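The structure appears below as structure tokens.
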Amino acid sequence: MSLEPSTTSDRAPDFRTPHLGVPRSHDSTVHDSTTHPRSAPHGSARQPDPAANHPDPPYDLVGVGLGPFNLSLAALADGVDGLRSVFLDAKPEFSWHPGLLIDGARMQVPFLADLVSLVDPTSPWSFLAYLREQDRLFPFYFSEQWHLTRREYQDYCHWAASALPNCRFDSPVEAVRWDGRRRLFHVEIPGQPPLLARNLVLGVGTEPVVPAAFTALLDEGGPVLHSEDYLVSPHSPGTLADPTDNFSDITVVGSGQSGAEVFLDLLRRRGSSTGPRLRWITRSAALAPMEYSKLGLEHFTPDYTRYFHGLPGTVRDTLVPSQWQLYKAASAETLAAVHDALYDRTTGGVTPDVEIVPGTEIHSARSGPCGGLELRCAHAQSGADYTVRTDVAVLATGYAARRPALLDPLLDLIDWDDQDRYRVDLNHRVELRPDVTAGLYVQNAELHTHGVGTPDLGLGAHRAAVILNAVCADRLGRSVHRLPTRTAWTTFGRPRSADPVSDPGILHPDGPHPDDLHPDGQDPDARDRPAEHRHHEPEGHHPLPART
38 MSLEPSTTSD RAPDFRTPHL GVPRSHDSTV HDSTTHPRSA PHGSARQPDP
88 AANHPDPPYD LVGVGLGPFN LSLAALADGV DGLRSVFLDA KPEFSWHPGL
138 LIDGARMQVP FLADLVSLVD PTSPWSFLAY LREQDRLFPF YFSEQWHLTR
188 REYQDYCHWA ASALPNCRFD SPVEAVRWDG RRRLFHVEIP GQPPLLARNL
238 VLGVGTEPVV PAAFTALLDE GGPVLHSEDY LVSPHSPGTL ADPTDNFSDI
288 TVVGSGQSGA EVFLDLLRRR GSSTGPRLRW ITRSAALAPM EYSKLGLEHF
338 TPDYTRYFHG LPGTVRDTLV PSQWQLYKAA SAETLAAVHD ALYDRTTGGV
388 TPDVEIVPGT EIHSARSGPC GGLELRCAHA QSGADYTVRT DVAVLATGYA
438 ARRPALLDPL LDLIDWDDQD RYRVDLNHRV ELRPDVTAGL YVQNAELHTH
488 GVGTPDLGLG AHRAAVILNA VCADRLGRSV HRLPTRTAWT TFGRPRSADP
538 VSDPGILHPD GPHPDDLHPD GQDPDARDRP AEHRHHEPEG HHPLPART
């Protein structure tokens, strides 16, 4: 989830390296690993490393993209003896959805879902370490805040990214190529010699989804913008001190968390004035809140990820859309704040000029004869067709994973599924042609294989540790982070106490029982299964990390 410009705090943060008793070298980006023999491929003899004595030794791990997920991996990799890692991003500095850093908007995950704490709470890159560095631990303690504001989370990540020695900005990756002779990836950055990589991790984020009805208007620079640009576009009602100066009618499309936050912000900006008219349209039949019960949240655990990955691909494809309330809806607190803001405006007998319209599909959009937009709408339950005229539309219509152009030279080496998506194993490694011995990993591009927790920040540190453990086991012969074997009270699939039915005609899609898996989540037999026994899996749209 990255657009410029950055909206970091005007306060100049202290970017000194954290000093929590961990001696650190400024050159920890490149802990020399060339003296460590490469682990042999599964079931084969150890191979000599043709790059071991090269004058420019390869990196064991190169990350492309520096959003929160690859930043988490960079933080967990920092200081690992024998591991050379570097993380690259085209932006001049870290920024995370600057267009949605709305005043008062809070994260939907607790502060423990930072870059490292759910894997290594003693890390110098934790949120509490950030507070300590700024002498803000006592104020935070007294504030009793479980959920951070988005602005503070952005500032925390900016602090870590600016101080981590293995993070490089202003480093756009143009292409990645495979060198079969040296068994390495070449990572190409304009104006620089290519970096050599044994493993590549893509953390390139997602892109805004624009409904077909609005595509042409957006391309023409019409009065349409995605919510990603709400606070950065000069044409947005979110960047105007007084929206009534430019707009008499504003429409927000989409009822996820972004849509609810934009609508609430517009309500608050309008204050007690009578305009502009605000309208909120969504295809959803109702403005239902996100599932946030304690047991419901166990869908965002490694246990559920393992279970989901073991299901047949056709089952997974059906299951993800049915779970929209786990990862696409707005929080109950935000919906309640919308209602409270509307109620406040009725004091004194005033009726707010507001329309909230669920169950409505926008079939087409065009420029109006007198400016603005005309939206052709259909109400699903009543069958009513109607036209809405508005000055501007803010599309809170979510995000989708994309295939970056930098992978074009590797397209023939990737084992795509029947819907042209990555096949991703439990360790988040993409299946490649057998002769490609380097590793390609993805973060937040595996919703179709790993389920609703894929875009969730609460699982970010765990996924990063799974990837790092896989890389270090291969390169250094050891894992570097201990991970829990059981993370949920819920049993997903067959209970441990139950006896499996022996009838071969009955399908058991659960895969191995969670208690039979290694602590890092890897099925010990997965790599030895014939290819035809692996599930082939598909991917769809998902919004800005539904829980951020």
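Here the numbering used here is used: the first residue of the sequence shown is 38, the next is one more, and so on. Built from N, CA and C at the ideal position, the CB exists for glycine as well. All figures in this text were calculated on a predicted structure; none of them were measured in a lab.
Check: Residues near residue 267 by beta carbon distance below 7 Å, same chain, minus five either side; Outcome: 136, 137, 273, 275, 299, 431
Check: Burial state of residue 97, where buried means 16 or more other Cβ atoms lie within 10 Å; Outcome: buried
Check: Identity of the residues DSSP links to residue 119 by a beta bridge; Outcome: Bridge partners of residue 119: none, in fact.
Check: First through last residue of the beta strand (DSSP E) which encompasses residue 436; Outcome: 436-438
Check: Straight-line gap, residue 414 to residue 147 (C-alpha atoms, nearest Å); Outcome: 38 Å
Check: Extent of the continuous beta strand (DSSP E) to which residue 359 belongs; Outcome: Where residue 359 is concerned, there is no enclosing beta strand (DSSP E), although the alpha helix (DSSP H) it sits in stretches over 350-359.
Check: Residue 236 - containing beta strand (DSSP E), residue span; Outcome: 236-239
Check: Helix, strand or coil at residue 316 [DSSP, three-state]; Outcome: strand
Check: Sub-9 Å separation of residue 435 and residue 308 beta-carbons; Outcome: no
Check: Opening and closing residue of the beta strand (DSSP E) in which residue 411 lies; Outcome: 410-416
Check: Delimiting residues of the alpha helix (DSSP H) encompassing residue 206; Outcome: No alpha helix (DSSP H) contains residue 206, which DSSP labels as neither H nor E.
Check: Contact belief for residue 371 with residue 297 at Cβ below 8 Å, rounded distance in angstroms; Outcome: 4 Å
Check: Straight-line Cα distance separating residue 450 from residue 494; Outcome: 30 Å
Check: Identified DSSP bridge partners for residue 397; Outcome: 416
Check: DSSP-derived helix/strand/coil call for residue 458; Outcome: coil
Check: Host beta strand (DSSP E) of residue 190 (start-end); Outcome: Residue 190 -> not in any beta strand (DSSP E); alpha helix (DSSP H) instead, spanning 187-200.
Check: For residue 125 and residue 210, believed in contact at Cβ under 8 Å, the rounded distance; Outcome: 6 Å
Check: Beta-carbon proximity list for residue 302, same chain, < 7 Å, skipping 5 on both sides; Outcome: 139, 275
Check: Closest residue to residue 337 among 394, 400, 145 (Cα-Cα distance); Outcome: 145
Check: Where residue 504 falls: helix, strand or coil (DSSP); Outcome: helix
Check: Best match in 319, 150, 334 for proximity to residue 288 [C-alpha to C-alpha]; Outcome: 319
Check: Exposure of residue 462, with buried meaning 16 or more beta-carbon neighbours within 10 Å; Outcome: buried
Check: Interface flag, residue 302 vs chain C, CB-CB below 9 Å; Outcome: No chain C is present in this structure, which holds just one protein chain.
Check: Buried versus exposed, by CB contacts within 10 Å (16 or more), residue 537; Outcome: exposed
Check: Residue 244: first and last residue of the uninterrupted beta strand (DSSP E) it sits in; Outcome: 243-245
Check: Exposure of residue 526, with buried meaning 16 or more beta-carbon neighbours within 10 Å; Outcome: exposed
Check: Nearest-angstrom Cα separation, counted from residue 401 out to residue 149; Outcome: 43 Å
Check: Helix, strand or coil at residue 180 according to DSSP, with G and I counted as helix; Outcome: helix
Check: Cβ shell of residue 221 (< 7 Å), same chain only, five flanking positions each side left out; Outcome: 88, 95, 233, 234, 235, 475
Check: Three-state secondary structure assigned by DSSP to residue 99; Outcome: strand
Check: Chain-order list of residues whose beta-carbon lies under 7 Å from that of residue 244 (same chain, five-residue window excluded); Outcome: 436, 437, 439
Check: Three-state class that DSSP yields for residue 275 in the structure shown; Outcome: helix
Check: Close-in-space but distant-in-sequence residues of the same chain around residue 270 (CB under 6 Å, 5 per side omitted); Outcome: 262
Check: Neighbour-count burial assignment, residue 500, 16 or more Cβ in a 10 Å radius; Outcome: buried
Check: Counted within 10 angstroms of its Cβ, other Cβ atoms place residue 492 as buried (16 or more) or exposed; Outcome: buried
Check: Runs of alpha helix (DSSP H) lying entirely within the region 449-496, each at least 4 residues, in chain order; Outcome: 484-487
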